[in-house]
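Each residue of the sequence shown is one higher than the one before, counting from 225 in my numbering.
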Amino acid sequence: MELLLLLLLISTTSWAFVPDDPEFSRSFYQQDSSREMVENFLRRFVSSLESQDPMIIDGLLTDSFVFKGCKGHYDKEQSVDALSQLPLGTNFTLTLTSIEDNGYSIRYGIIITGFSRFPIDAEFVLCKRSQQLELGIIKTCTGDSNGSVQKDSLESMVRRFLDRVERSIESKDVSIISGLFKPDFKFMGCRGTYSKAQVVGILQQVPAGSQFKFNLKSVEDLGFTVKYTVTVTGFGMSEIEMAFLFGRTAQQLERGFMVKCPGHQNFMFY
Numbered sequence: 225m226e227l228l229l230l231l232l233l234i235s236t237t238s239w240a241f242v243p244d245d246p247e248f249s250r251s252f253y254q255q256d257s258s259r260e261m262v263e264n265f266l267r268r269f270v271s272s273l274e275s276q277d278p279m280i281i282d283g284l285l286t287d288s289f290v291f292k293g294c295k296g297h298y299d300k301e302q303s304v305d306a307l308s309q310l311p312l313g314t315n316f317t318l319t320l321t322s323i324e325d326n327g328y329s330i331r332y333g334i335i336i337t338g339f340s341r342f343p344i345d346a347e348f349v350l351c352k353r354s355q356q357l358e359l360g361i362i363k364t365c366t367g368d369s370n371g372s373v374q375k376d377s378l379e380s381m382v383r384r385f386l387d388r389v390e391r392s393i394e395s396k397d398v399s400i401i402s403g404l405f406k407p408d409f410k411f412m413g414c415r416g417t418y419s420k421a422q423v424v425g426i427l428q429q430v431p432a433g434s435q436f437k438f439n440l441k442s443v444e445d446l447g448f449t450v451k452y453t454v455t456v457t458g459f460g461m462s463e464i465e466m467a468f469l470f471g472r473t474a475q476q477l478e479r480g481f482m483v484k485c486p487g488h489q490n491f492m493f494y
């Protein structure tokens with residue numbers, strides 16, 4: 225999962241600095257000021273992530289920050305959102321493999337182990353003046369022969385969320401139903417777009433005892449987000465097909481839209 229690369233500094237226990245090449249070690253220690261700057265930034269990053277405060281974490285990245293992963297590019301907003309909601313306590317090791325002082329910035333390479341079956345080879349650019357990250361890159365994308373297991377894991381996560389959706393709707397509790405959606409959630413129907421408040425209001429009014437059901441059709445890993453498609457029964461006269469974008473870290477829906485518009489108007493989100 226590419227989110228792990230943004231986790232390079234999240235450990236609340238310890239992280240290890242291991243220059244594993246003798247030639248690199250000599251050149252590295254000749255750049256004490258650059259080394260100290262990077263190490264100080266790592267400590268600040270850990271402290272900021274421990275706070276779980278989006279405003280503090282926001283200060284770690286430049287406004288133009290981009291993380292270039294194997295499955296897509298992620299901007300500052302997406303990165304801050306993910307980092308502010310990640311669980312703490314993961315043990316991992318960082319092996320610093322290179323450091324290059326370019327005057328204005330420091331580019332450093334690291335190998336990250338402990339997050340996945342494969343070591344993660346990444347590179348980051350730290351702006352010296354602002355003490356913020358400008359760029360993050362996965363240098364080598366490793367093919368995972370265990371892809372079917374990852375897909376099963378994604379499907380399990382989505383199915384658990386769908387069970388939660390059903391329970392939340394049955395509760396008729398506005399606060400519980402609201403917890404299913406991000407604040408800026410939108411549902412794009414066939415004749416209009418509905419805000420989070422509108423969707424919550426509609427779902428709260430679903431008659432008790434309604435026999436609605438979600439049938440999962442497909443799941444697609446988009447990095448920070450999972451796109452899934454479902455057919456829904458029980459809300460109208462016929463089966464409805466919808467797609468949603470589900471935030472993996474927040475465990476909330478970001479967007480929803482109709483895949484196929486029904487041929488009748490007796491559907492609440494038509």
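Backbone N, C-alpha and C define an ideal beta-carbon position, used for all residues, glycine too.
Here Asn-439 carries a strand assignment [DSSP, helix/strand/coil]. The secondary-structure analysis by DSSP pairs Tyr-328 with nothing; it has no beta-bridge partner.
Taken in chain order, the complete alpha helix (DSSP H) segments of 4 or more residues contained in the segment 395-429 are 398-402 and 420-428. Exposure of Glu-274 is indicated by the presence of fewer than 16 other C-beta atoms within 10 angstroms of its C-beta. Rounded to whole angstroms, Glu-301 and Cys-351 show a C-alpha spacing of 18 Å. Runs of alpha helix (DSSP H) with 4 or more residues, each lying fully within the segment 281-308, are found at 300-307, listed in chain order. By the neighbour-count criterion, in which a residue is buried when 16 or more other Cβ atoms sit within 10 angstroms of its Cβ, Met-466 is buried. In this structure Val-424 is buried. Its beta-carbon is surrounded by 16 or more other beta-carbon atoms within 10 angstroms. For Gly-433, no beta strand (DSSP E) encloses it, and the DSSP letter there is neither H nor E. Burial of Ser-272 is indicated by the presence of at least 16 other C-beta atoms within 10 angstroms of its C-beta. When secondary structure is reduced to three states using DSSP, Asp-387 falls in the helix class.
Looking at the backbone, the Cα of Lys-484 and that of Glu-463 are separated by about 10 Å. Each residue's CA atom was taken as its position, placing Leu-404 and Leu-284 some 29 Å apart. Distance from Glu-358 to Ser-329 at the Cβ level is roughly 6 Å; contact confirmed, criterion being Cβ atoms closer than 8 Å.
For Ser-258, the secondary structure class from DSSP, reduced to helix, strand or coil, is helix.
Judged by DSSP secondary structure, Asp-345 falls within the beta strand (DSSP E) whose first and last residues are 344-351.
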